[in-house]
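Protein chains: 2
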Amino acid sequence: MKHQILIFGAIGGLLITLLKWSEYRFLVVEHSFAIYGGLVAGIFALLGIWLGRKLATNRSPDIRQTPLTLTFTPDRNKREALNITPRELEVLTLVAQGLSNSEIASRLFVSENTIKTHCSRAFDKLGAKRRTQAVQIGKEFGLLP
Amino acid sequence: MKHQILIFGAIGGLLITLLKWSEYRFLVVEHSFAIYGGLVAGIFALLGIWLGRKLATNRSPDIRQTPLTLTFTPDRNKREALNITPRELEVLTLVAQGLSNSEIASRLFVSENTIKTHCSRAFDKLGAKRRTQAVQIGKEFGLLP
DNA sequence: TATGTCGTCATTCTTTTGGGTGATTTTGGA
DNA sequence: TCCAAAATCACCCAAAAGAATGACGACATA
Chain A
1 MKHQILIFGA
11 IGGLLITLLK
21 WSEYRFLVVE
31 HSFAIYGGLV
41 AGIFALLGIW
51 LGRKLATNRS
61 PDIRQTPLTL
71 TFTPDRNKRE
81 ALNITPRELE
91 VLTLVAQGLS
101 NSEIASRLFV
111 SENTIKTHCS
121 RAFDKLGAKR
131 RTQAVQIGKE
141 FGLLP
Chain B
146 MKHQILIFGA
156 IGGLLITLLK
166 WSEYRFLVVE
176 HSFAIYGGLV
186 AGIFALLGIW
196 LGRKLATNRS
206 PDIRQTPLTL
216 TFTPDRNKRE
226 ALNITPRELE
236 VLTLVAQGLS
246 NSEIASRLFV
256 SENTIKTHCS
266 RAFDKLGAKR
276 RTQAVQIGKE
286 FGLLP
């Protein structure tokens, strides 16, 4: 996002410089101002629209994904904001599907103790006391489908 | 969205007209072009950003009806088809909210044993072995929000 | 009245979860 | 190469959840 703004500014500056330079070179007719003005306006409007869309879509992937989304992505800012590791989230989604710890363990080819550790840490980070609560909170946070 | 584009166009046209008009009126200095150009560019860039955000956020109000529904009704055919009693469903929704049996008991002013009975029966009818599974199935069936 | 459903509650026992602690190995990045 | 985070596992203990069974009262209805 930062570098987009930089690009935007660079393009803008370059364009202005170019136009100003062209002023001293050729075809500076009387009415060219309106033409150039319109041109600049159009270009910047397009750039602005492009930038605006980028800003709006990069920020807040919020409410738009959630509803049906066969392509659900738990992501990601939220997960990292809570320091929840990918593995913990993976366990969490299986918890949300109603699996027991031992079922999760055998599905992921690890011991049940490991699953319990992941669960405990995830619950901690979510502020949940029970797995049902963790699921509920996880869904609110957009971590779970 | 349509009228936003119209507004955008109107403002743009008005601005250009104004600038063109000002050309015939006052302070048309030699180097004013760069200034005006920059001004127009900035204004249109801002407008573009604004428009772009609007477009990006207003776009796709499509699939969004079902999910949130502050007016969720668990109903009903499904519930009766599964022989789940209203009380059982009531307990089930509290389970889905992450409450423990004792919390549910005190919220409904009954004993924890009663809650356990309701849970067991509800799980049976849903074909669930765990409460997390019951929640998952309940949501699939449209019994839980 | 007899029957059936629903909601309520208890008791016993087993399984599942969760908390706490400590330890080892992998791994990704400075 | 070295460190920190992540993933793995174990052990113990307590709490919560669940299964099974039996029971009782209220209520509607056949």
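Top line first, the protein sequences correspond to chains A and B. Residue 127 in my numbering is what sits at position 127 of the first sequence, and the numbering runs on without skipping anything. Residue 254 in my numbering is what sits at position 109 of the second sequence, and the numbering runs on without skipping anything. Idealized CB from N, CA, C, for every residue including glycine.
Nearest CB-CB separation between Gly98(A) and chain B: below the 8 Å threshold. Listed in chain order, the beta strand (DSSP E) runs fully inside the segment 234 to 265 of chain B amount to none, counting runs of at least 3 residues.
Counting only residues of its own chain and dropping the five nearest sequence neighbours on each side, Val110(A) has no CB closer than 6 Å to any other CB.
Between the segment 264 to 274 of chain B and the segment 120 to 136 of chain A there are fewer than three inter-stretch CB-CB distances shorter than 8 Å, so the stretches are not counted as touching.
Selection Ile260(B), Arg221(B), Thr230(B) evaluated against Leu239(B) yields Ile260(B) as nearest (Cα-Cα).
Apart from sequence neighbours up to five positions away, no residue of its chain approaches Gly243(B) with a beta-carbon distance below 7 Å. When CB distances to chain A are screened at a threshold of 9 Å, the residues of the segment 269 to 284 of chain B falling below it are Ala273, Lys274, Arg275, Arg276, Thr277, Gln278, Ala279, Val280, Gln281, Ile282, in chain order. Separation of Ile282(B) and Arg266(B) (C-alpha to C-alpha, rounded to the nearest whole angstrom) is 14 Å. Around the C-beta of Leu215(B), fewer than 16 other C-beta atoms lie within 10 Å, and the residue is accordingly described as exposed. Between Gln133(A) and Leu144(A), the alpha-carbon positions lie close to 13 Å from each other. Put simply, the CB of Val95(A) is near chain B, with a gap under 8 Å to one of its CB atoms. In this structure, Val280(B) sits away from His263(B), with a CB-CB distance that is not shorter than 8 Å. Counting of Cβ neighbours within 10 angstroms places Glu285(B) among the exposed residues, the total staying below 16. Spanning the alpha carbons of Glu80(A) and Ala96(A) requires a straight line of approximately 19 Å. The three-state reading of DSSP puts Lys139(A) in helix, counting H, G and I together.
Rounded to whole angstroms, Lys223(B) and Gly287(B) show a C-alpha spacing of 8 Å.
Between Asn101(A) and Glu88(A) a beta carbon distance of about 14 Å is seen, past the 8 Å cut, so the two are scored as non-contacting. Our two residues, Glu103(A) and Phe217(B), have alpha carbons roughly 32 Å apart in a direct line.
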